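Asker:
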Amino acid sequence: MPRAAAPALVFVNGTVILPDRLVPGAVVECAGGRIRRVGRGRIPKGAVVVDARGGYVAPGFVDLHVHGGDGADFMDGTAEAVRTACRAHARHGTTTIFPTTTTGAEAQIAAMIAACGGVRREGGVAAGARIAGVHLYGPYFAPDKVGCHPASGRRDPEAAEYQRHFATGLVRIATCAAELPGAEAFYRAARRRGCLVTCGHSNATWAEMARAYRAGMRHVDHFWCAMSSVASLRQRYGTPMQASMEQFVLAEPGMSTEVIADGCHLSPELLTFAWRQLGARRLCLVTDANRALDQPPGRYRFGSAEDGEWIESDGRVGFVPGAGGALASSVVGLDTMVRTMRAATGAPLAEVVRMASLTPAERAGVARETGSLAVGKRADVLVLDRRIRVRRVFIGGAEFTG
Ligand SMILES: [Zn+2]
Ligand SMILES: [Zn+2]
-12 MPRAAAPALV FVNGTVILPD RLVPGAVVEC AGGRIRRVGR GRIPKGAVVV DARGGYVAPG
48 FVDLHVHGGD GADFMDGTAE AVRTACRAHA RHGTTTIFPT TTTGAEAQIA AMIAACGGVR
108 REGGVAAGAR IAGVHLYGPY FAPDKVGCHP ASGRRDPEAA EYQRHFATGL VRIATCAAEL
168 PGAEAFYRAA RRRGCLVTCG HSNATWAEMA RAYRAGMRHV DHFWCAMSSV ASLRQRYGTP
228 MQASMEQFVL AEPGMSTEVI ADGCHLSPEL LTFAWRQLGA RRLCLVTDAN RALDQPPGRY
288 RFGSAEDGEW IESDGRVGFV PGAGGALASS VVGLDTMVRT MRAATGAPLA EVVRMASLTP
348 AERAGVARET GSLAVGKRAD VLVLDRRIRV RRVFIGGAEF TG
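Using this note's numbering, read the sequence shown as starting at -12 and increasing by one per residue.
1) What do you reckon, is the C-beta of C251 under 8 Å from a heavy atom of ligand 1?
2) Give me the Cβ distance between V44 and V319, rounded to the nearest whole Å; I'm assuming they're in contact under 8 Å.
3) Please classify E356: does DSSP put it in a helix, a strand, or coil?
4) Roughly how many whole angstroms lie between the Cα atoms of W211 and H122?
5) Could you check whether H52 and D394 sit closer than 9 Å to each other, using their CB atoms as the reference points?
6) Which ranges does the alpha helix (DSSP H) cover as unbroken runs of at least 4 residues, wholly within the region 208 to 261, from first to last along the chain?
7) Can you have a look at W297 and say buried or exposed, based on whether 16 or more other CB atoms are within 10 angstroms of its CB?
8) What three-state label does DSSP hand R376 in the structure shown?
9) Between which two residues does the alpha helix (DSSP H) carrying C73 extend?
10) Mind checking whether F48 and D322 have CB atoms under 9 Å apart?
11) Go ahead and pull the three-state DSSP assignment for A(-7).
12) With a threshold of 16 other CB atoms inside 10 Å of the CB of T226, please say whether the residue is buried or exposed.
13) Hey, E171 and A197: beta-carbon distance below 9 Å or not?
14) Quick check on I118: does DSSP put it in helix, strand or coil?
15) With DSSP run on the structure shown, which of helix, strand or coil describes M(-12)?
16) Threshold first: 3 residues or longer. Then list the beta strand (DSSP E) segments lying entirely within the region 26 to 65, N to C.
17) Suppose only complete runs of 3+ residues qualify. What are the beta strand (DSSP E) ranges in the region 90 to 140, listed by chain order?
18) Excluding the 5 residues flanking S189 on each side, which residues of the same chain have their C-beta closer than 7 Å to its C-beta?
19) Would E245 pass as a contact of P347 if the rule is Cβ separation under 9 Å?
20) Whole angstroms are fine: how far does the CA of E338 sit from the CA of A267?
21) Under 8 Å: do the region 53 to 72 and the region 284 to 296 share three or more Cβ pairs, one atom per stretch?
22) Consider the Cβ of H252: report whether some Cβ of chain C lies at a distance smaller than 9 Å.
23) Taking the CB atoms as reference points, tell me whether T192 and Q229 lie closer together than 9 Å.
24) Using only the heavy atoms of ligand 1, determine whether one of them is closer than 8 Å to the beta carbon of D208.
25) Cα separation between L157 and L5?
26) With DSSP collapsed to three states, give me the class of L183.
27) Using a threshold of 9 Å, state whether the C-beta atoms of Y174 and A194 are closer than that.
28) Who does V436 pair with in a DSSP beta bridge?
29) Using 10 angstroms around the beta-carbon of Q264, count the other beta-carbons present and answer buried if the total reaches 16, otherwise exposed.
30) Relative to the C-alpha of H54, which candidate in A102, R355, A72, A66 has its C-alpha closest?
31) Under 8 Å: do the region -9 to 2 and the region 28 to 45 share three or more Cβ pairs, one atom per stretch?
32) At a cut-off of 8 Å, would you count Y392 as near ligand 1, judging by its Cβ distance to the nearest heavy atom?
33) Among E148, I247, Y124, whose alpha-carbon lies nearest the alpha-carbon of P137?
34) What's the C-alpha gap between G42 and H79?
35) Have a look at E145 and F235 and give me their C-alpha separation to the nearest angstrom.
36) Ignore the nearest five residues each way along the sequence and tell me which others in P(-6)'s own chain have a CB closer than 6 Å to its CB.
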């Protein structure tokens, strides 16, 4: 007996957010987990209708850089921790996620990747944001830019180790500080695997960035955080003062970057500067959230529950206790980043949402599948109210209710 086709899913009574404009009153029609139509027209008979109640219909968010949430860090390395964090971020509108490693022993990183692979294979909307791949972020940080990550787990890139991680097929984003010995070989290997290749936790000069660029590096992690500046390079090289990662990203059109727009890491002026200089096609919003997201203020481990560094959350941001105000990643979701970016910059809403959806999807190579409300893409759809608060979340056409 042929199976009856599932009824269409239709979003009505909202302003549809496209990558370059808002379309009031448009309809988004989905079927079989995909977007089938965006625009005007009749609602098919028997369709399941989702009423946006005068709010917005937006693409699901894509987070390139995220460590955990709701008490779990991906580096805990268990399926339960991975599901907990992915569910937490889905509540904030993230439908595609790249769980991000910290510094740590090779076995800890391997366990994290394996746990993410297991949850990804199971699939299902109940597991929350869909894992599009892992961001191999730690351990290849510069010794002087480790930040809040466990310093004992930092090391220079070693081919035997990272090739084992790449061989899982799960690593889609790969970070290394450009000045480390072996960085260029790492970038080339990551590029061959089709990864978005990024430089972060680095004190690199322009010359080191230019070499990295030739080896395939195209992105810098959390702009202005744990990266070089003219001032930091002056300490290293004296005068004449050197151009830094900041100038390289701004000057090279092939480069993208990301900001932690939680209102605590960067001032409204810096967020505005980043948007004006880079534009919505080269700037991503990321959470860089740790396990304290949606948890009460208190002390938390950044990284693995076994041996991660202790950080503190005041409910607004993570910080390193007693370190003179050094921050330790965010404790809020991408919905907060979108609201903060919008308020800080006054950028058109379509551009702000693009920075949290299509731009990161393009940079990570998943834009054919997701990242915008376009025919043929997965039905990753959010209903937002007029104040850009998440009301309903659909992943592959199924509603996430956890
Ligand atoms: Zn970082
Ligand atoms: Zn991070």
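Built from N, CA and C at the ideal position, the CB exists for glycine as well. It should be emphasised that the depicted structure is a prediction, and the values quoted were computed from it without experimental measurement.
Answerer: Quick look at the numbers:
1) no
2) Incorrect: roughly 23 Å between the Cβ atoms, too far for contact.
3) coil
4) 20 Å
5) Any question about residue 394 goes unanswered here, given that the chain covers just -12 to 389.
6) 217 to 224, 232 to 238
7) exposed
8) coil
9) 66 to 78
10) yes
11) coil
12) exposed
13) no
14) strand
15) Bear in mind that a pLDDT of 48 at M(-12), under 50, signals an unreliable position, so the model cannot answer this.
16) 35 to 38, 43 to 46, 48 to 53
17) 121 to 123
18) A129, K132, A164, A165, E166, M214, S215, M232
19) yes
20) 6 Å
21) yes
22) Of the chains in the structure shown, none is chain C; there is only one protein chain.
23) yes
24) yes
25) 29 Å
26) strand
27) no
28) The structure shown does not extend to residue 436, since the chain spans only -12 to 389, so no value can be given for it.
29) exposed
30) A72
31) yes
32) Only positions -12 to 389 of the chain appear in the structure, and residue 392 is not among them; the question remains open.
33) Y124
34) 16 Å
35) 26 Å
36) G33, A34, V35
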